[in-house]
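Below: one structure, written as structure tokens.
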Amino acid sequence: MLEAMTDQQERAMIFATGFDSDLREMCWTLLKEGLASQCDMFDRSRLYLKNGDTPKFRSSGMAVTIVCKRADLEQVMKRMRASYHGGDSLAAYALPILASM
Numbered sequence: 003m004l005e006a007m008t009d010q011q012e013r014a015m016i017f018a019t020g021f022d023s024d025l026r027e028m029c030w031t032l033l034k035e036g037l038a039s040q041c042d043m044f045d046r047s048r049l050y051l052k053n054g055d056t057p058k059f060r061s062s063g064m065a066v067t068i069v070c071k072r073a074d075l076e077q078v079m080k081r082m083r084a085s086y087h088g089g090d091s092l093a094a095y096a097l098p099i100l101a102s103m
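In structure tokens:
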């Protein structure tokens with residue numbers, strides 16, 4: 003059990019949004035190079051209220067979660083930014099993995 007907790011503490015998760023083909027290519031590269039251990043992709047949609055009371059639904063690209071070693075986190079984020087060539091269509095956030103089931 004202690005080994006599992008230590009393993010969790012050494013990993014991080016990145017949540018990113020962007021365009022399908024760009025995210026797919028980026029994840030494929032990170033997996034091939036061994037920088038990511040897992041990538042999960044999801045359709046991303048947005049539900050919001052227009053004018054305060056009218057529900058609206060809009061499809062808005064893809065979202066991906068990337069699991070990597072915490073020691074590689076900075077390198078992975080730099081590689082992600084470089085793969086988008088400074089474009090503003092990528093948004094990425096890194097989080098420590100505190101627990102999993």
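For the sequence shown, the positions run 3 to 103 when the working numbering is used.
Quick reminder that beta carbons are idealized off the backbone N, C-alpha and C, glycines included.
Three-way DSSP call (helix, strand, coil) for residue i in this model
i     : result
Arg13 : strand
Leu25 : helix
Beta-carbon spacing of residue i, residue j below 9 angstroms
i     : j     : result
Gln77 : Leu37 : yes
Met28 : Ser85 : yes
Asp45 : Ala18 : no
Residue i - containing beta strand (DSSP E), residue span
i     : result
Ser61 : 56-71
Ser39 : 38-52
Residue nearest to residue i in terms of C-alpha spacing, selected from the options
i     : options                    : result
Glu12 : Leu75, Lys80, Lys71        : Lys71
Ala73 : Trp30, Ala96, Arg46        : Ala96
Arg60 : Gln40, Glu35, Met82, Ser47 : Ser47
Ser62 : Ala14, Met15, Gly20        : Gly20
Extent of the continuous alpha helix (DSSP H) run through residue i
i      : result
Leu100 : Segment: none, Leu100 is in no alpha helix (DSSP H) and carries neither H nor E.
Leu75  : 75-85
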